Amino acid sequence: MWFFITLIEKFEYYVKNNVDMLKEIMKRTYEKAEECIRTNYYGTQRVTQSLLPLLQLSPSSRIVNVSSLRGQLKNIHNHQVKAELENVGELTEEKLDKILQRFLRDFKEDKLGANGWPVIASAYKVSKAAVNAYTRIIARKFPHFLVNYVHPGLVKTDSTCNTGEMTAEEGGRAPVKLALLPDGSPSGLYFHEMDVSTF
């Protein structure tokens with residue numbers, strides 16, 4: 057769906073000389089932005105909420121959300137939003153919903169750049185930043201769970217037009233590793249493939 061992220065990474069040198077092509081690739085509709093937020097963030101949230109009653113029955117519950125390096129906060133230039141997302145101690149699902157509503161409003165009003173949102177792959181980046189923040193909220197709410205999120209790497213899949221650097225099996229290693237962490241391991245962290253990274 058958002059294959060253009062990979063295209064930009066793989067063909068950056070080409071795109072620099074083809075600005076019109078880049079503009080066409082980056083053109084997204086409000087409906088597509090809504091769909092991206094709904095799928096990536098609200099889909100993750102709904103699955104998690106559905107499974108929480110079962111997870112609470114286990115002494116060794118694990119939640120591993122698949123994210124993206126595009127969801128790191130360094131991609132959000134709106135200082136207020138960035139500060140809200142960083143403040144996991146005060147961040148709530150309701151506040152996160154309001155942030156996403158602001159993003160969609162700014163998207164609809166064509167004010168992304170003016171209001172510090174990412175302009176390229178904006179909905180994808182914001183949706184993954186929301187998944188990351190939500191993962192930290194759940195880790196805080198359920199300290200007896202191990203809850204982490206991971207960028208598995210650039211995987212050869214349909215959504216990357218098979219231009220990734222690793223197979224699906226290789227891309228699955230990091231999420232499986234996190235799911236198998238021993239009790240007492242860190243929670244609420246972002247992993248870039250197999251290594252802890254900054255959110």
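Per this note's numbering, the very first residue in the sequence shown carries number 57; after that it's consecutive.
Cβ coordinates follow ideal geometry from the N, Cα and C atoms, glycine included.
Quick caveat: nothing in here was measured; it's all calculated off a predicted structure.
Of all the options the options, which has the alpha carbon lying nearest to the alpha carbon of residue i?
i           : options            : result
residue 56  : 221, 180, 114, 236 : With the chain covering only 57 through 255, there is no way to say anything about residue 56.
residue 232 : 219, 202, 169, 86  : 202
residue 96  : 225, 178, 197      : 178
residue 90  : 247, 163, 110      : 163
residue 167 : 247, 222, 92, 86   : 86
residue 113 : 158, 183, 165, 198 : 198
residue 157 : 196, 183, 139, 109 : 183
residue 226 : 237, 236, 212      : 212
So what does DSSP say about residue i, is it helix, strand or coil?
i           : result
residue 176 : coil
residue 163 : helix
residue 188 : helix
residue 193 : helix
residue 200 : coil
residue 106 : helix
residue 93  : helix
residue 207 : strand
residue 155 : helix
residue 251 : strand
residue 218 : coil
residue 121 : strand
residue 182 : helix
Tell me whether the beta-carbon of residue i lies closer than 8 angstroms to the beta-carbon of residue j.
i           : j           : result
residue 193 : residue 104 : no
residue 119 : residue 185 : no
residue 144 : residue 155 : no
residue 152 : residue 98  : no
residue 188 : residue 234 : no
residue 250 : residue 230 : yes
residue 160 : residue 93  : yes
residue 135 : residue 169 : no
Taking buried to mean at least 16 other C-beta atoms within 10 Å of its own C-beta, is residue i buried or exposed?
i           : result
residue 130 : exposed
residue 174 : buried
residue 101 : buried
residue 239 : exposed
residue 218 : exposed
residue 243 : buried
residue 241 : exposed
residue 220 : buried
residue 236 : exposed
residue 110 : exposed
residue 107 : exposed
So, does the segment 115-127 touch the segment 197-215, judging by three or more C-beta pairs under 8 angstroms? Yes, the segment 115-127 touches the segment 197-215.
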